[in-house]
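Peer 1: My questions all concern the structure below.
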Amino acid sequence: GPGIPKGERQKVFERFHSVRPTEEAFGAHSGLGLAIARTIAEAHDGTLAIGDRPDGKPGAWLVLSVPLDAEGNE
18 GPGIPKGERQ
28 KVFERFHSVR
38 PTEEAFGAHS
48 GLGLAIARTI
58 AEAHDGTLAI
68 GDRPDGKPGA
78 WLVLSVPLDA
88 EGNE
């Protein structure tokens, strides 16, 4: 896709918020996926963040980070 505008990046983690192209019909997305994903990440003491693709091409770059467990495993 075209990516997520910087002003919308934190909003997409809110339940029922969706950034969709204007040509898509309303109701095509529930706006729950990223809210659920971030909640799961945080439940595991992790984070889910959005940025620009490192190669400069259009599109979103989502980074999931979770800590190592007590034994050093991811």
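Sequential numbering from 18 applies to the sequence shown in this note's numbering. Where a beta carbon is used, it is the ideal one built from N, C-alpha and C, also for glycine.
1. Rounded to a whole number of angstroms, what is the C-alpha to C-alpha distance between Val80 and Thr64?
2. With 16 as the cutoff for other CB atoms within 10 Å, does Val29 come out buried or exposed?
3. In the DSSP output, which residue or residues are listed as bridge partners for Leu65?
4. By the three-class DSSP mapping on this structure, what secondary structure does Glu88 have?
5. Tell me where the alpha helix (DSSP H) around Leu51 begins and ends.
6. Assign Ile53 to buried or exposed, taking buried as 16 or more other Cβ atoms, counted over all protein chains shown, within 10 Å of its Cβ.
7. Apart from the five residues on each side of it in sequence, which residues of its chain come closer than 7 Å, Cβ to Cβ, to Arg55?
Peer 2: From the atom records:
1. 8 Å
2. buried
3. Leu81
4. coil
5. 50 to 60
6. exposed
7. Phe30, Leu65
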